[in-house]
Amino acid sequence: MTDDPRPGGAPPDPQATAMDAASPAPPQTLVRSPLSDGDWHRLHPLTPLLRGGLFLVVVIGIVIANLRDRLVYLFLPMFAPDLPAEELEEWEGAGDPIDFIVANNLYLAAGVAVLLVLIALTVIFYLSWRFHTFRITGDDVEVRSGILFRTQRRAPLDRVQGVNLTRPMLARLLGMAKLEVVGAGTDANVKLEYLSTANAEAVRADILRLASGRRLGEGGARASDGAARSRVGALGQSVSRGITGLIEGDEAPAPVPDSVVSIPVPRLIVSHVISPSTVFLLVGIAAIATGSALGSPWVLFAMVPTIIGFVAYWIRSIVRSLRYSIAPTPDGVRITFGLLTTITEIVPPGRVHAVEVTQSILWRAFGWWTIRINRLTGRSLSDSSTDQFTTVLPVGTTADVERVLRLLLPDVPPDEWPVIVREGMLGPEQDDTFVTTPRRAWFLRPLSWRRNGFRLTADALLLRRGVIWRKLAVIPLARMQSLALHQGPVDRLARVASARAHTVMGPVYSAVNAIDRDAALELFTDAAAGAVRAASVDRSHRWAQESA
């Protein structure tokens, strides 16, 4: 795993050599893993098995599907269909490949062909592993891959938005995991697939430590000590760990902090069943049932795929939310979720651009809320997995929400939290401090004009709206990119305006409508000054640099 990729491979590229020389190695007291020493390293030797496993499964499935009837007749004749003699003769003479091999005595040729295919796959897998290397320097995380067409991806450490550790079920059985370094742009993530679980945890800690600017004490392990070991010995140790994980199961997990929130399984199941999607499904079923009762019973069959799809969606969402935990760490907020495929992500400080707390009317009686955030995920807009990285609390009580918000927004003063919870989430109250829609413009928000409003603090902008769906958005001023005011013709007649805070793209709706025009102008001035002041003192991109 730590072999030098150049001996036995392609000759060194002069441009790549110059780039290597320009990239400084991390300080020796800053990293713990020998894989973070600034040199190029290879991934786990079993990586081709996991990355190419799906291809092999597809090939085996095609072979079994084509030989299904023959396998049944050979090994399970009691389950073979009872065909008439003429149909059986027609089936046997249909040009089956195995019949052709047997009739022409081509056993040796068939065996050689299978052997050549296996050798070709082995060579391809080996070369893909051989040419897939990575390194961690003091400035970047880099990955090089490709045999004929070489690619190189780089994630600057000062733009790292998080490091995700994913452990699919098969990889967990082998004691392996994959790392994903989240970048700041679209499709900017750098993946390390796969490392042993212990190495993945150590490398992730090193990446976050390098990004934070923290320095280890002299008692910390030096990377040079690990890098001085024999390359062959390191590879043998890696293979041994992989085989041990295969025989004994998953490796012993690294110590994890205690979660500040616990979601009972019944609450998780009920929250998915009692949801707007369920209401839409029931309305659709009622409409189709009514139509079938009026003379079109075949319409009922049209609901079968829809029901199957909804059930599959519920099961997938519930399984993905099981084993949920969220806890503080020195390098950010650690969020873990998933039953079959476990994903652990660490969101460093300052990477949350907006937070939204939502409560639907269906959850009102239970007092449940959900929390979503705007953050840079490094994924393309078409990636369907983006949603799972923006929901940080699937369902929780008011106390759970406050604990999670304290983790996500550590710069908010402690005396602000009672106001945020009491007025922002549950308000309005009699002595409410939010600036709400004036009475003269009640017709623009007939149900929520008393609740619809904003509150500006020294650190954040709070936007409150909704009665049927209660929502509270919190935008840290240090992360706010700009603020815009809008006023349409009806707004001008009512002397109100709309305000929108601009952040990175995400599920949080950071706007409030129908607020007093003069209050909106004052908000524009104060928020702009507050954002400049907050950004000038923000050091979250190197969150531990002051203690270095």
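Under our numbering, the letters of the sequence shown match residues 1351 to 1898, in that order.
Yeah, the Cβ is synthetic: ideal placement off N, Cα and C, and Gly gets one too.
For residue i, three-class secondary structure by DSSP
i, result
"R1829", "coil"
"L1618", "helix"
"F1475", "helix"
"S1798", "coil"
"S1890", "helix"
"G1907", "Lying outside 1351 to 1898, the shown extent of the chain, residue 1907 is not represented and no answer is given."
"I1486", "strand"
"N1455", "coil"
"N1539", "coil"
"V1462", "helix"
"R1815", "strand"
"T1807", "coil"
"V1623", "helix"
"S1609", "coil"
"V1824", "strand"
"L1558", "helix"
"S1546", "strand"
"A1534", "coil"
"V1510", "coil"
Cβ shell of residue i (< 7 Å), same chain only, five flanking positions each side left out
i, result
"G1512", "V1532, E1695, I1696, V1697, P1698, R1701"
"S1667", "H1622"
Straight-line Cα distance separating residue j from residue i
i, j, result
"T1487", "A1548", "20 Å"
"V1824", "M1830", "10 Å"
"A1636", "T1628", "12 Å"
"L1507", "V1540", "11 Å"
"L1559", "V1462", "A small fix is needed here, since residue 1559 is Arg in this sequence, not Leu. So the alpha carbons of these two residues sit roughly 52 Å apart."
"V1467", "G1496", "21 Å"
"A1878", "P1826", "12 Å"
"V1620", "A1639", "25 Å"
"D1608", "V1683", "12 Å"
"I1624", "P1616", "12 Å"
"A1662", "G1388", "45 Å"
"E1766", "P1778", "16 Å"
"R1842", "R1509", "42 Å"
"A1790", "R1800", "The sequence as given places Arg at residue 1790; Ala does not occur at that position. Cα to Cα, the separation comes out at about 12 Å."
"L1302", "I1658", "Because the chain in this structure spans residues 1351 to 1898, residue 1302 falls outside the shown range and cannot be described."
"N1454", "L1498", "39 Å"
"I1676", "T1516", "16 Å"
"I1414", "Y1859", "51 Å"
"Q1780", "P1796", "19 Å"
"L1471", "V1407", "13 Å"
"L1477", "L1833", "52 Å"
"R1714", "S1671", "21 Å"
"W1664", "L1712", "17 Å"
"V1409", "L1618", "38 Å"
Cβ pair residue i, residue j closer than 8 Å
i, j, result
"V1785", "T1748", "no"
"L1812", "A1851", "no"
"I1557", "V1464", "no"
"H1394", "R1485", "no"
"A1847", "R1867", "yes"
"E1543", "T1397", "yes"
"I1865", "F1793", "no"
"L1743", "T1708", "no"
"V1611", "G1746", "yes"
"S1798", "V1769", "no"
"R1725", "V1633", "no"
"F1651", "L1631", "no"
"D1809", "A1861", "no"
"D1888", "A1844", "no"
"D1322", "L1806", "Any question about residue 1322 goes unanswered here, given that the chain covers just 1351 to 1898."
"G1903", "T1783", "Any property of residue 1903 remains undetermined from this structure, which presents the chain solely from 1351 to 1898."
"S1562", "D1750", "no"
Close beta carbons around residue i, own chain, < 6 Å, minus the five adjacent residues each side
i, result
"W1819", "S1710"
"V1705", "I1723, L1758, V1824"
"T1656", "none"
"G1774", "L1812, R1814, L1822"
"A1505", "V1491, V1531, G1533, V1540"
"L1835", "A1847, A1849, A1870, F1874"
"Q1502", "R1494"
"K1528", "T1516, E1543, Y1544"
"G1880", "L1827"
Close-in-space but distant-in-sequence residues of the same chain around residue i (CB under 8 Å, 5 per side omitted)
i, result
"R1673", "T1686, F1687, G1688, L1689, T1692"
"S1890", "P1698, P1699, G1700, R1701, A1828"
"V1906", "Since the first residue shown for the chain is 1351 and the last is 1898, residue 1906 is missing from the structure and cannot be characterised."
Test: residue i CB closer than 8 Å to a CB of chain E
i, result
"S1621", "No chain E appears in this structure, which consists of one protein chain only."
**OP:** Let me know the beta strand (DSSP E) ranges lying completely inside the stretch 1832-1887, each 3 residues or longer, listed in chain order.
**Re:** 1832-1836, 1846-1852, 1861-1866
Subject >> Whole alpha helix (DSSP H) elements within the stretch 1729-1790, 4-residue minimum >> reply: 1748-1758
**OP:** Starting from the N-terminal side, write out each stretch of the beta strand (DSSP E) that is 3 residues or longer and does not extend beyond the stretch 1659-1744.
**Re:** 1675-1679, 1682-1687, 1692-1697, 1704-1709, 1719-1724
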